Each structure stands twice: as structure tokens, then as C-alpha cells.
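To start, the structure under review is shown below, and the notes come after it.
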Amino acid sequence: MFPRCLYVAKDTNYKELSDMFNFYYPESENEIPADERWFDENTFADHLTATVWLVENKANKDVGYIVVINDDEVNTGMCAHEASHILTHFETWLGLDRGSQEYRAYMTEWFTDRIAEVWNMKEEEATNGEEDAATPNS
Numbered sequence: 001m002f003p004r005c006l007y008v009a010k011d012t013n014y015k016e017l018s019d020m021f022n023f024y025y026p027e028s029e030n031e032i033p034a035d036e037r038w039f040d041e042n043t044f045a046d047h048l049t050a051t052v053w054l055v056e057n058k059a060n061k062d063v064g065y066i067v068v069i070n071d072d073e074v075n076t077g078m079c080a081h082e083a084s085h086i087l088t089h090f091e092t093w094l095g096l097d098r099g100s101q102e103y104r105a106y107m108t109e110w111f112t113d114r115i116a117e118v119w120n121m122k123e124e125e126a127t128n129g130e131e132d133a134a135t136p137n138s
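Structure follows, in C-alpha cells:
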């Protein structure tokens with residue numbers, strides 16, 4: 001539906017993610033230096049529930065946003081919070097008018113639903129012992 005993918009990751013680490021993706025700052029789209037310590041501090045710190053990064057999939061060169069979730073319990077509010085960050089970056093990238101409420105409402109809902117959908121799937125997989133580092137949803 002959109003020219004950028006959405007990825008959701010949980011129970012992962014720097015090595016798994018950096019093997020799959022190149023990371024960029026969503027605001028500037030400048031590449032994040034490959035520094036595990038810095039990445040861990042800005043992605044996996046105890047006070048961070050989730051983080052959004054711009055990524056390029058190394059295998060197929062698809063560009064998108066990844067939501068890295070750190071909490072064991074996820075709710076709709078957290079999904080909507082991260083969706084709002086994605087939407088802000090998406091609007092900046094496309095040069096969209098932030099005053100148009102209707103498209104913002106639909107896009108926030110779509111991103112929120114995708115994050116929650118993948119999260120629910122991840123919980124089911126964890127129960128079955130079939131976890132992946134990141135699941136794409138585009």
C-alpha cells in the first residue's frame with residue numbers, strides 16, 4: 001500500500017538486526033554508524049518500550065521502518081504511539097500536509113493495526129517456539 005515497508009521486531013539483538021538491515025536516522029535519513037554499544041543504548045535500554053528506525057533490508061534493498069519492541073506486554077496505546085512516530089517520518093519524507101486530518105487518521109490506524117497484528121502473531125509464534133528477529137509487513 002505504501003512505498004515503504006513496515007517491520008516489527010521483538011526478542012532480538014544488535015547482531016540479528018544488523019545482519020538483516022542497514023539502519024538510518026528516520027529524521028535525516030543519514031546512516032547510523034555500525035556501533036553495537038550506541039545502538040543498544042538507543043534501542044534496548046530498560047527505559048525504552050519501543051524504538052522506530054528507518055532501515056534498508058540488506059537482502060532485497062527494500063526501505064521501511066522497523067519498530068523494535070522491548071516490553072513483554074504491548075497494548076494498543078503503545079502501537080499507536082509508535083505508529084505516530086512512523087507517520088511523522090513518512091509525512092516528512094513524502095512532503096505531505098500535516099493539516100489533513102482524514103489521511104492522518106487512516107494512516108495512524110493502518111500502522112497501529114499492522115504493528116498490533118504482527119505483535120499478536122509474534123506472541124503466537126513464541127508460544128510455538130518459532131520466533132524470527134523481524135517480520136515484514138508491507
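Residues 1 to 138 (the working numbering) make up the sequence shown, in order. Think of the CB as a built atom: it goes at the ideal place given N, C-alpha and C, for glycine as much as any other residue. Note that this is a predicted model, so its numbers are computed, not measured.
Out of D19, K58, E91 and Y14, point me to the one whose CA is closest to R37's CA.
Closest option to R37, Cα to Cα, is Y14.
Hey, could you find the ends of the beta strand (DSSP E) Y7 is sitting in?
From DSSP, the beta strand (DSSP E) with Y7 extends over C5 to K10.
Using a threshold of 8 Å, state whether the C-beta atoms of V52 and I86 are closer than that.
Taking 8 Å as the Cβ cut-off, V52 and I86 qualify as a contacting pair.
Please give me, in chain order, every unbroken run of the alpha helix (DSSP H) with length at least 4 that falls completely inside the region 65-120.
Runs found: 76-94.
Within this structure, are the beta carbons of F68 and T43 separated by less than 8 Å?
Inspection of the sequence shows that residue 68 is occupied by Val rather than by Phe. Taking 8 Å as the Cβ cut-off, V68 and T43 qualify as a contacting pair.
Quick check on DSSP: helix, strand or coil for T51?
It is a strand residue.
Do you know how far the Cα of D46 is from the Cα of M78?
Distance between the alpha carbons of M78 and D46 is about 16 Å.
Using 10 angstroms around the beta-carbon of A59, count the other beta-carbons present and answer buried if the total reaches 16, otherwise exposed.
The residue is exposed, with fewer than 16 neighbouring Cβ atoms inside 10 Å.
Going straight from the alpha carbon of P26 to that of E16, what length do you get?
Their Cα atoms are separated by approximately 20 Å.
Measure the alpha-carbon distance for N70 versus G95 and round it to whole angstroms.
Approximately 31 Å, taken between the alpha carbons.
What is the rounded straight-line gap between the Cα of E41 and the Cα of T12?
E41 and T12: Cα-Cα distance of roughly 14 Å.
What is the C-beta distance between I32 and F23, in whole angstroms, given that I count them as a contact (C-beta under 8 Å)?
Between F23 and I32 the Cβ distance is about 4 Å, and since that is below 8 Å, they are a contact.
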